[in-house]
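K.L.:
The structure that follows is given in the form of structure tokens.
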Amino acid sequence: MTSQNRIKTLTQFIIERQSQYPQAKGALTRLLNDIATAAKIVNREINAAGLVDILGYEGSDNVQGEAQKKLDVYANEQFIQALKVGGECCAIASEENEKIISFQNEISEMGKYVVAIDPLDGSSNIEANVSIGTVFSIYRRKSDIGGGKLDDLLQPGVNMVAAGYIIYGSSTMLVYTTGKGVNGFTLDPSVGIFCLSHPDMKYPETSNIYSINEGNYIFFPEGVKQYIKYCQESDPKTLRPYTSRYIGSMVADFHRNLIKGGIFIYPGTTQQPNGKLRLLYECSPVAFLAEQAGGKASDGFNRIMEIEPRTLHQRAPLIIGPKAMVERVEAYMREHSPEAAPKV
Ligand code: AHG
Ligand code: MN
Ligand code: MN
Numbered sequence: 002m003t004s005q006n007r008i009k010t011l012t013q014f015i016i017e018r019q020s021q022y023p024q025a026k027g028a029l030t031r032l033l034n035d036i037a038t039a040a041k042i043v044n045r046e047i048n049a050a051g052l053v054d055i056l057g058y059e060g061s062d063n064v065q066g067e068a069q070k071k072l073d074v075y076a077n078e079q080f081i082q083a084l085k086v087g088g089e090c091c092a093i094a095s096e097e098n099e100k101i102i103s104f105q106n107e108i109s110e111m112g113k114y115v116v117a118i119d120p121l122d123g124s125s126n127i128e129a130n131v132s133i134g135t136v137f138s139i140y141r142r143k144s145d146i147g148g149g150k151l152d153d154l155l156q157p158g159v160n161m162v163a164a165g166y167i168i169y170g171s172s173t174m175l176v177y178t179t180g181k182g183v184n185g186f187t188l189d190p191s192v193g194i195f196c197l198s199h200p201d202m203k204y205p206e207t208s209n210i211y212s213i214n215e216g217n218y219i220f221f222p223e224g225v226k227q228y229i230k231y232c233q234e235s236d237p238k239t240l241r242p243y244t245s246r247y248i249g250s251m252v253a254d255f256h257r258n259l260i261k262g263g264i265f266i267y268p269g270t271t272q273q274p275n276g277k278l279r280l281l282y283e284c285s286p287v288a289f290l291a292e293q294a295g296g297k298a299s300d301g302f303n304r305i306m307e308i309e310p311r312t313l314h315q316r317a318p319l320i321i322g323p324k325a326m327v328e329r330v331e332a333y334m335r336e337h338s339p340e341a342a343p344k345v
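Those letters in the sequence shown? Residues 2 to 345, by the working numbering.
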């Protein structure tokens, strides 16, 4: 067998998976392909960012005299367009749009799925050439006909059909789950194809990384402060002190921790009791991936996947990573910060 034969592309992989379900009609396969296509276009633009000077803010002009777009606006448009044309999705909730985008054309309103997306995560890192990402989750619509409705998107994570992210880093990867494990694909930029590079991703057995913005320390609940203290104690048997790593792009922090073994925490603070990250299109999709990789995701008290969203842009504290690490934080929260339990 030549090495050529061993390459499995994302398209081959999802079609193969689909064939395990004789009743499947390929809609989810096409939807995932639509997302992958938009991701490649966004990836090209991100890679060109330094060259063509499109880092300006929305409204300013580039050298060609065309209106410049911030990359997160550009990414948003690409994903919306791909999903609209693809016809499998009847509505989108995006970080960039206050309301849902309901597709009201003949093809798309027949779509069985809705998508929640953060088109560009970590966007404040772009100008420093630091990894950024896209996070998405896919739900089956609840309504029967017409364009998608708000209620189609306000579903708890347990209803998710698929979730994933794209990381635009030293290489570009697409990582996703449909509830049968997590698989990662690396983009071969010379041919524009995502190739299976990380089959069946699982958190490693040993983990010693913690990721949290410690600059906010004084605003953290006591349980989180105590956990940070635990991370910093010396105990070689438990690999402590842990290593601190924080990029400031959730996707990149999550991805590194999944591969190397670590916990990511964005807690509630005295200023923002529900933290910063958005439940629907940031916390829930990574929670699905973490669970599928043998890990856990919690708001300190509740399983992220079971939180019922009431509004589109609702926030939730996020504690995510290997099971034992997350459970330790939950124990600290119960003991030291019971008052911080979110009112779900
Ligand atoms: P976005 O760029 O989509 O607004 O998300 C940024 C988020 C997330 O990626 C990251 O984990 C977090 O903001 C970092 O926040 P702090 O700067 O408060 O640490
Ligand atoms: Mn984000
Ligand atoms: Mn964003």
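A virtual CB, placed ideally from N, CA and C, is assigned to each residue, including glycine.
Measuring only from the beta carbon, is Ser212 closer than 8 Å to any heavy atom that is part of ligand 4?
P.N.:
Only ligand 1, ligand 2 and ligand 3 can be found as ligands here, which leaves ligand 4 out of the picture.
K.L.:
With DSSP collapsed to three states, give me the class of Tyr140.
P.N.:
In the structure shown, Tyr140 sits in a strand (DSSP, three-state: E or B).
K.L.:
Thr30 and Gln19 - do their beta-carbons sit closer together than 9 Å?
P.N.:
Yes, Cβ-Cβ distance for Gln19 and Thr30 is below 9 Å.
K.L.:
Measuring only the C-alpha atoms, how far is Ser212 from Leu175?
P.N.:
Cα to Cα, the separation comes out at about 22 Å.
K.L.:
For the alpha helix (DSSP H) that Leu259 lies in, which residues bound it at each end?
P.N.:
It spans 251–261 - the alpha helix (DSSP H) in which Leu259 sits, taken as one unbroken run.
K.L.:
Quick check on Phe302: does DSSP put it in helix, strand or coil?
P.N.:
Phe302: coil per DSSP, three-state reduction.
K.L.:
Report yes if the C-beta of Leu252 is less than 8 Å from at least one heavy atom of ligand 1; otherwise report no.
P.N.:
Per the sequence shown, the amino acid found at residue 252 is Val instead of Leu. At least one heavy atom of ligand 1 is nearer than 8 Å to the Cβ of Val252, so yes.
K.L.:
Below 9 Å between beta carbons: does that hold for Ile266 and Leu319?
P.N.:
Result yes, Cβ atoms of Ile266 and Leu319 sit closer than 9 Å.
K.L.:
Any idea what DSSP makes of Ile16, helix, strand or coil?
P.N.:
Looking at Ile16 - three-state DSSP - the assignment turns out to be helix.
K.L.:
Suppose the cutoff is 7 Å on Cβ atoms and the five residues either side in sequence are ignored; what does the same chain contact list for Gly147 look like?
P.N.:
The residues are Glu110.
K.L.:
Evaluate Pro237 with the Cβ neighbour count: other Cβ atoms within 10 Å of its Cβ, from every protein chain shown; 16 or more gives buried, anything less gives exposed.
P.N.:
When all chains shown are included, Pro237 counts as exposed.
K.L.:
Excluding sequence positions up to five away, which residues of its chain have a Cβ less than 8 Å from the Cβ of Arg335?
P.N.:
So the list reads Gly224, Phe302, once near-sequence residues are dropped.
K.L.:
I need the boundaries of the beta strand (DSSP E) containing Gly165, first residue and last residue.
P.N.:
Start and end: 161–169.
K.L.:
Measuring from each Cβ to the nearest heavy atom of ligand 2, keep the ones under 5 Å and list them in chain order.
P.N.:
Answer in sequence order: Asp119, Asp122.
K.L.:
Exposed or buried, Pro190, counting other C-beta atoms within 10 Å across all chains shown (16 or more means buried)?
P.N.:
Exposed is the call here.
K.L.:
With H, G and I counted as helix, E and B as strand and the rest as coil, what does DSSP make of Phe220?
P.N.:
Helix, per DSSP.
K.L.:
For Val330, which residues of its own chain have a beta-carbon under 8 Å away from its beta-carbon, when the five flanking residues on both sides are left out?
P.N.:
Once the five neighbours on either side are set aside, the close Cβ partners of Val330 are Gly224, Val225, Tyr228, Ile264, Ile266, Ser299, Gly301, Ile320.
K.L.:
Report the three-state DSSP secondary structure of Gly1 (helix, strand or coil).
P.N.:
Because the chain here runs from 2 to 345, residue 1 falls outside it and cannot be looked at.
K.L.:
Assign Arg7 to buried or exposed, taking buried as 16 or more other Cβ atoms, counted over all protein chains shown, within 10 Å of its Cβ.
P.N.:
Counting Cβ neighbours within 10 Å, Arg7 comes out exposed, since fewer than 16 surround it.
K.L.:
Is there contact here, the segment 167–174 with the segment 21–35, by at least three beta-carbon pairs under 8 Å?
P.N.:
As far as the Cβ criterion goes, the segment 167–174 does not touch the segment 21–35, which means the pair count is below three.
K.L.:
Hey, is the segment 32–52 in contact with the segment 79–99, meaning 3+ C-beta pairs nearer than 8 Å?
P.N.:
These segments touch.
K.L.:
What residue from Gly170, Lys181, Gly182 has the CA that sits closest to Leu188's CA?
P.N.:
Selected option, being the one with the closest Cα: Gly170.
K.L.:
Alpha carbon to alpha carbon, how far is Glu46 from Tyr333? Give it in angstroms, no decimals.
P.N.:
Roughly 43 Å between the two C-alpha positions.
K.L.:
Need the endpoints of the alpha helix (DSSP H) that Ser285 sits in, please.
P.N.:
That run of the alpha helix (DSSP H) goes 285–293.
K.L.:
For Cys232, which residues in the same chain have their Cβ closer than 6 Å to its Cβ, ignoring the five residues on either side in sequence?
P.N.:
Contacts found: Tyr211, Tyr243.
K.L.:
Run the proximity test for Glu78: is its beta-carbon closer than 8 Å to any non-hydrogen atom belonging to ligand 3?
P.N.:
It does not: the Cβ of Glu78 is nowhere closer than 8 Å to a heavy atom of ligand 3.
K.L.:
Can you tell me whether Glu96 is buried or exposed? The criterion is at least 16 other CB atoms within 10 Å of its CB, across all chains shown.
P.N.:
Looking at its Cβ environment, which holds 16 or more other Cβ atoms inside 10 Å, Glu96 is buried.
K.L.:
Assess, as a yes-or-no matter, whether the segment 248–262 is touched by the segment 111–131 under the definition of 3 or more beta carbon pairs within less than 8 Å.
P.N.:
Contact holds: three or more Cβ-Cβ distances are below 8 Å.
K.L.:
Can you tell me which residues form a DSSP beta bridge with Thr244?
P.N.:
The partner list for Thr244 (beta bridge, DSSP) reads Ile210.
K.L.:
For Arg279, does the three-state DSSP call read helix, strand or coil?
P.N.:
Strand.
K.L.:
Rounded to a whole number of angstroms, what is the C-alpha to C-alpha distance between Met282 and Leu155?
P.N.:
Per the sequence shown, residue 282 should be read as Tyr rather than Met. One C-alpha to the other measures close to 11 Å.
K.L.:
In whole angstroms, what separates the C-alpha of His256 from that of Asp201?
P.N.:
Approximately 14 Å, taken between the alpha carbons.
K.L.:
Could you give the first and the last residue of the continuous alpha helix (DSSP H) run that contains Asp152?
P.N.:
Counting along the chain, the alpha helix (DSSP H) containing Asp152 begins and ends at 151–154.
K.L.:
Measuring only from the beta carbon, is Tyr140 closer than 8 Å to any heavy atom that is part of ligand 1?
P.N.:
Because no heavy atom of ligand 1 lies under 8 Å away, the Cβ of Tyr140 does not count as near it: no.
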